[in-house]
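Asks: Count along the sequence shown starting at 1, add 80, and that's the number in the working numbering.
Structure below; questions to follow.
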Amino acid sequence: MESVLLIILGMGLVTYLPRFLPMYILTRLEIPPLVIAWLRYVPVAVLAALIVPGIFTAERQIYLSFQNSYLVAALPAFFVAWRTKSMLFTVTAGMVLVMLMQLFPYA
């Protein structure tokens with residue numbers, strides 16, 4: 081029982097420290113405006129890195145075809161993102177388009 085408690089406390093510490101230490105250190109430093117401007121692109125880059133492989137690949141191969149419902153649905157979703165600048169509308173549009181393409185195959 082004691083070892084389980086120590087393991088849980090250790091896991092909590094290992095989880096908490098990587099989140100706390102950068103925040104603690106960076107609040108005491110003066111961050112240049114250029115770095116702050118650069119950091120604003122990190123969420124966009126991470127989101128793109130997560131989404132793009134799912135759109136352009138299927139079964140570990142590049143799948144550029146009109147049969148690829150994810151790719152076909154991504155095009156209008158990009159347009160919705162560009163016009164509305166809303167994550168909610170973009171994700172909803174993409175999900176609805178993929179669902180419709182799965183329910184009603186066009187070829």
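Ideal Cβ placement from N, Cα and C applies to all residues, glycine included.
Here the structure is a predicted model, which means the values were calculated and not measured.
Kindly give me the distance between the Cβ atoms of Val160 and Phe146, rounded to whole angstroms, as I take these residues to be in contact under 8 Å.
Replies: Between Phe146 and Val160 the Cβ distance is about 19 Å, and since that is not below 8 Å, they are no contact.
Asks: Enumerate in chain order the residues of its own chain whose CB-to-CB distance from Ser149 is below 7 Å, with the five nearest sequence positions on each side excluded.
Replies: Excluding residues within five positions, the ones whose Cβ falls inside 7 Å are Val178, Met181 and Gln182.
Asks: By DSSP, does Met147 sit in helix, in strand, or in coil?
Replies: Just to set this straight, residue 147 is Gln in the shown sequence, not Met. Residue state, collapsed to three classes: coil.
Asks: What's the C-alpha gap between Ile142 and Ile131?
Replies: Approximately 14 Å, taken between the alpha carbons.
Asks: Can you give me the C-alpha to C-alpha distance between Pro113 and Arg120, rounded to a whole angstrom?
Replies: Roughly 11 Å separates the two Cα atoms.
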